[in-house]
Structures are given as structure tokens and as C-alpha cells.
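Mapping the sequence shown onto numbering that gives the first Met the number 0, position 34 (from 1) lands on 33, and the numbers just tick up by one. Data first, discussion second: the structure below is written as C-alpha cells.
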Amino acid sequence: MSTINYSDKIPNNVNLSEDRTLQRALEHWQPNYLQWWQDMGPDGSQNFDVYLRTAVSVDPQGWAQFGHVKMPDYRWGIFLNAAEQDRKIHFGDNIGEAAWQDVPGEHRANLRRIIVTQGDTEPASVEQQRHLGLTAPSQYDLRNLFQVNVEEGRHLWAMVYLLHKYFGRDGREEAEALLERNSGNADNPRILEAFNEKTPDWLSFFMFTYFTDRDGKFQLCALAESAFDPLARTTKFMLTEEAHHMFVGESGVGRVIQRTVDAMNQLKTDDTAKLRAAGVIDLPTIQRYINFHFSVTIDLFGADQSSNAATFYSSGLKGRYEEGKRVDDHILIGNTYKVLEVVNGQLIEKEVPMLNALNEVLRDDYITDSKGGVDRWNRIIEKAGIPFKLTVPHKAFHRNIGSLAGIKVSPDGKVINDHEWNQHVEQWLPSDEDRAYVGSLMGRVTENGKFANWIAPPVMGINRQPVDFEYVRFN
Ligand SMILES: [Fe+2]
Ligand SMILES: [Fe+2]
Numbered sequence: 000m001s002t003i004n005y006s007d008k009i010p011n012n013v014n015l016s017e018d019r020t021l022q023r024a025l026e027h028w029q030p031n032y033l034q035w036w037q038d039m040g041p042d043g044s045q046n047f048d049v050y051l052r053t054a055v056s057v058d059p060q061g062w063a064q065f066g067h068v069k070m071p072d073y074r075w076g077i078f079l080n081a082a083e084q085d086r087k088i089h090f091g092d093n094i095g096e097a098a099w100q101d102v103p104g105e106h107r108a109n110l111r112r113i114i115v116t117q118g119d120t121e122p123a124s125v126e127q128q129r130h131l132g133l134t135a136p137s138q139y140d141l142r143n144l145f146q147v148n149v150e151e152g153r154h155l156w157a158m159v160y161l162l163h164k165y166f167g168r169d170g171r172e173e174a175e176a177l178l179e180r181n182s183g184n185a186d187n188p189r190i191l192e193a194f195n196e197k198t199p200d201w202l203s204f205f206m207f208t209y210f211t212d213r214d215g216k217f218q219l220c221a222l223a224e225s226a227f228d229p230l231a232r233t234t235k236f237m238l239t240e241e242a243h244h245m246f247v248g249e250s251g252v253g254r255v256i257q258r259t260v261d262a263m264n265q266l267k268t269d270d271t272a273k274l275r276a277a278g279v280i281d282l283p284t285i286q287r288y289i290n291f292h293f294s295v296t297i298d299l300f301g302a303d304q305s306s307n308a309a310t311f312y313s314s315g316l317k318g319r320y321e322e323g324k325r326v327d328d329h330i331l332i333g334n335t336y337k338v339l340e341v342v343n344g345q346l347i348e349k350e351v352p353m354l355n356a357l358n359e360v361l362r363d364d365y366i367t368d369s370k371g372g373v374d375r376w377n378r379i380i381e382k383a384g385i386p387f388k389l390t391v392p393h394k395a396f397h398r399n400i401g402s403l404a405g406i407k408v409s410p411d412g413k414v415i416n417d418h419e420w421n422q423h424v425e426q427w428l429p430s431d432e433d434r435a436y437v438g439s440l441m442g443r444v445t446e447n448g449k450f451a452n453w454i455a456p457p458v459m460g461i462n463r464q465p466v467d468f469e470y471v472r473f474n
């Protein structure tokens, strides 16, 4: 696979110059994108030189280049993984047939909807995070925020490329609309609820990149199985970038915890008031942030029973996580899966046709994966000799989608009444006071190698650079 030509207006590995119409359409969209970046992208950062990685090929051995870049000059490009020869559809009703290089008419509306929904999350997260640069706890963290932001911008490009190339006029209209909806906008919000929430502080940002970017990973993995080959190839390359986003979240929360347990040991206390007086974030507050971000994120997988999910699978549009590694027939007719419902005030499991429960299948795979990082956070606490364990809440806790929507369930999975909920909710979800406290800690640290008091430095720098490297030149 060749290296990308950066003298092109739009760097790409899809031979854009051979398709003049498409190239013109994308070049027409590009200034609108840049305008959106100016208006809705990172606040007050246009003049910074940031040590960023830029995708320069899709070769797993060296796909990225690192160097200081002014962010508006970042080269957002279009990159698809190399085509697999004679790729076959490997699940659903058309199993064994050749993968599609174009969009079959009967699946056009569903595929467009899938691509638009995925595409909408990418700029949404940039909008949600746009003020965070003003309160970055270090240059290292500021650089990581901007890296995530420019790559979410590139993911939007990835989806817009598909819309323009394969969906004609409707696709172009959808591409415009992706720049018109805005996170949290009352009149024209982003499509999915979690992408209209605020990301008001850096603890929220780390939780978001750990939990919600991981939702992105699972959605992209499911789309990487798609019978629509260009979608599979583009999402595969997006996954390469996504790993760093989740690393930013996992290591970020880990460093907050490290700083907290160090302070707990120094001060020999687990008293919240004393720890807050020392300017660190107490573990129960971290638990409440986990409860919030986990519950909001698992809603993103959709209703536990969904005929759309069945259609998307059977028609080959969207597979399961690691479809190729599973040992069943990949058609799933007659298979069942357990979903939760409430009967007589109790959560019970109910067997339903698996095809209808594929959102739940993906959600459960996600839950297993997200527990891994929480275990690693617990090791930091254990190592410090502190008897405290973080957990993810029960999957019925604080849900807003599917059969569990609106049912009051405690984090340990007991169905409770409104009164009990109201009594305990401040122990379970971040209170206004928690958010105000965390917010009060935020303030920009700009000096090389210096870190805000509430977070420990990372163990290593980016791309083997030292931790005190000049990751951002503020100019
Ligand atoms: Fe993304
Ligand atoms: Fe991401």
C-alpha cells in the first residue's frame, strides 16, 4: 500500500484524483468542514503547534508520522485498509457470496442510516470536548486531547467519503447535515443521547475516552465485518486510531487514582473532606463518575430487543464483535439469548431469539471489555494498600433505553422504588457538589513537564519522547 501524497488537497489512498466528480464534491465539503472546526472545534488553540501523529499510510508497521503541527493545518485524509482478495460475506442470509463493492439498492436506506449515525458521533465528541483545552492539567494531556480531536475529525471524513462516493445526492445532503447538527443543541442535536451530554471537566474526558470511545470501538468492530466492503475497510483503519483514545482514558483515570491513593497514604486518611482540602479527587467520586459514564454509554447499544438489529445482521450490514472467531453458523436462526426484564419487582432473565437481541450481545461484549480496565485501576489502589474496590454498576442501573428504561435499579442490581432512589442517588451518581468540586480543580498547566496537583504524571511520554517534552508550543 502506497504512502499518501500530502501535496493533494485531500490526502488519500483511494485514488481520489481519478474520480473528478467525487474529488470536486469532497473539495466543496472541505471548506465547510474547516469552518466547522474553527467554530466548533478546540477553543482558543488555532495558533498552537502541537506534537501530533498524522496518518501517512495504512501499513501496520508504520502508519503514522509525528511532528509539531498547527491544528488548523492538520491534514485530514481518507484512508481505507487494503482490500482483501475475493472477500466473502461471512454472516447472515447472504453468507458465502462475494462482499459488495457497491451498495445494493435494497440496503441503501439502512446502510446510509448506519453510516450517518456513526459519522454523527465523531464531530459530536469534538464539540463536547471543545473547552477542555483551556483547563488541561499538562502539555502532555493537552496534546492527547488534541490528538483525539483531530482523529475524530478524520473519522468524520471517513464516513463523509462513503456518503459522497456511494450515496449520491442524499449522501451529500447527509454530509452537510453532519456539520449542522451540534452536540447539546436544543433545535438540532446530535443523533445519540450520550453525544449531547457535556464533557465539562477532565475527569469526565478521561471517563468518556475510556467508556464512550470504547463504544466506538465495538460499533466499528461490528461494522468492520460488514458485507459492504468499503465500510469494512474504512472502519478497520479507524480502529487503528481508536486504540490511542481508549489509552488516553484508561491511563488518565489511572493517573487520577494514583495521585489520590498517594495523597491518602501521605495524609493517612480516607476522609473525603480532608482529601478534597488536599486538592485530590476522592475514590467515591471517581466511582460515581464511572457509574454515570458506564450507564450512559451502554444505552448507546440500543434497545435490548430490536428488529432493526436483526435486519442489519441478516442482511450482512453489521456483524457481531469478532464475528470471524465465533463458532456458530453465523446465521443465528433458532438461536436464543438472555435479556433482562422486570417481573413483579424483580429483574429476571428471559430467553429471546438471538437475532432480535444482537444489540444486547454487543452490549455484553462491551461490558466484559470495559471491566478489564476497571480491574487495572483496582490494582493501583491495591498496590497502595488501600481497601477500596471500583466496580462497574449493574447493567440495569440508570438506563434510559430498551425494556429497562426508567426502571429504578441500584448499582448492585436491586429493583428499588422512587423513594429509595432519591435517598441514594447522590451516593451513586455525581452530585452537583461533586461536579462543582472537580470543576474547581481545573486550571491550565502550561510549563513543560509540570502536572496539575490532582493527577500523577504518566509513566512514559508519547512516541518515546520524555514526559517533559515540549508537546505544545503555545506561541
Ligand atoms: Fe472516532
Ligand atoms: Fe475515538
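Beta carbons: idealized from backbone N, C-alpha and C, even for Gly. On a predicted model such as this, the values are computed, not experimentally measured, just so you know.
| Asked | Found |
| --- | --- |
| If I measure Cβ to Cβ from I385 and keep anything under 7 Å in the same chain, skipping five residues before and after, which residues do I get? | V260 and M263 |
| Any idea what DSSP makes of I380, helix, strand or coil? | helix |
| Note down, one range per segment and in chain order, each alpha helix (DSSP H) of at least 4 residues found wholly within the segment 85-144. | 107-127 |
| Using three-state DSSP, classify G66 as helix, strand or coil. | strand |
| Nearest CA to the CA of L202: which residue from G318, L191, E173 and V437? | V437 |
| CB of M158 to nearest heavy atom of ligand 1: below 7 Å? | no |
| Please report the distance separating the alpha-carbon of R112 from that of K388. | 41 Å |
| Apart from the five residues just before and just after F205, which ones in its own chain have a Cβ nearer than 6 Å to its Cβ? | G248, G251 and V252 |
| Taking just the CA atoms, how far does Q64 sit from T390? | 37 Å |
| Rounded to the nearest angstrom, how far is the Cβ of G401 from that of D303, given a contact under 8 Å? | 4 Å |
| Grab me the residues of F236's own chain with a C-beta within less than 7 Å of its C-beta, minus the 5 sequence neighbours each way, in chain order. | V57, F78, L79 and N80 |
| According to DSSP, which residues form a beta bridge with I347? | E340 |
| Whose CA, out of V147, V159 and N148, lies closest to the CA of Q29? | V159 |
| Tell me where the beta strand (DSSP E) around R52 begins and ends. | D48 to A54 |
| Below 8 Å, how does it come out for the segment 111-126 and the segment 191-199: are there three or more Cβ pairs, yes or no? | yes |
| Using 8 Å for Cβ pairs, my map puts I256 next to I285. What's the rounded Cβ distance? | 7 Å |
| Return the residue from the list V115, G118, Q117 and V147 that minimises the CA-CA distance to R129. | V147 |
| Examine ligand 2 and report whether any of its heavy atoms sits within less than 7 Å of the Cβ of V147. | yes |
| Any heavy atom of ligand 1 inside 7 Å of the beta-carbon of H154? | yes |
| Less than 8 Å between the beta carbons of F210 and S16, yes or no? | no |
| Check whether the Cβ atoms of L219 and T234 sit closer than 8 Å, and answer yes or no. | yes |
| Tell me which residues share the same chain as E359 and place their Cβ nearer than 6 Å to its Cβ, disregarding the 5 neighbours each side in the sequence. | D303 and V338 |
| Is V408 helix, strand or coil by DSSP? | strand |
| What is the DSSP secondary structure of M0, reduced to helix, strand or coil? | For M0, the pLDDT reaches just 44, beneath the cut-off of 50, and the residue's location in the model is therefore unreliable, although a value from the coordinates is still provided. Three-state result, M0: coil. |
| Classify V68 as buried or exposed, calling it buried when 16 or more other Cβ atoms lie within 10 Å of its own Cβ. | buried |
| Out of curiosity, what's the CA-to-CA distance linking A309 and L238? | 24 Å |
| Following a CB-centred definition, is G215 positioned closer than 7 Å to any heavy atom of ligand 1? | yes |
| Which term fits K407, buried or exposed, when burial requires 16 or more other beta carbons within 10 angstroms of its beta carbon? | buried |
| May I ask you to report which of helix, strand or coil DSSP gives R23? | helix |
| Taking V326 as part of the alpha helix (DSSP H), name the residues at either end of that continuous run. | Taken as a continuous stretch (DSSP letters only), V326 belongs to no alpha helix (DSSP H), as it is neither H nor E. |
| Considering only the alpha carbon of each residue, which of W453, S225 and K273 lies closest to G95? | S225 |
| When you measure from the CB of E241 to every non-hydrogen atom of ligand 2, does any distance come out below 7 Å? | yes |
| As an exercise, report each continuous alpha helix (DSSP H) stretch of at least 4 residues that is fully enclosed by the segment 212-267, in chain order. | 212-222 and 228-266 |
| Provide the residue(s) that pair with R472 in DSSP beta bridges, ordered along the chain. | D48 |
| Based on the DSSP output, what are the partners of N11 in its beta bridges? | I77 |
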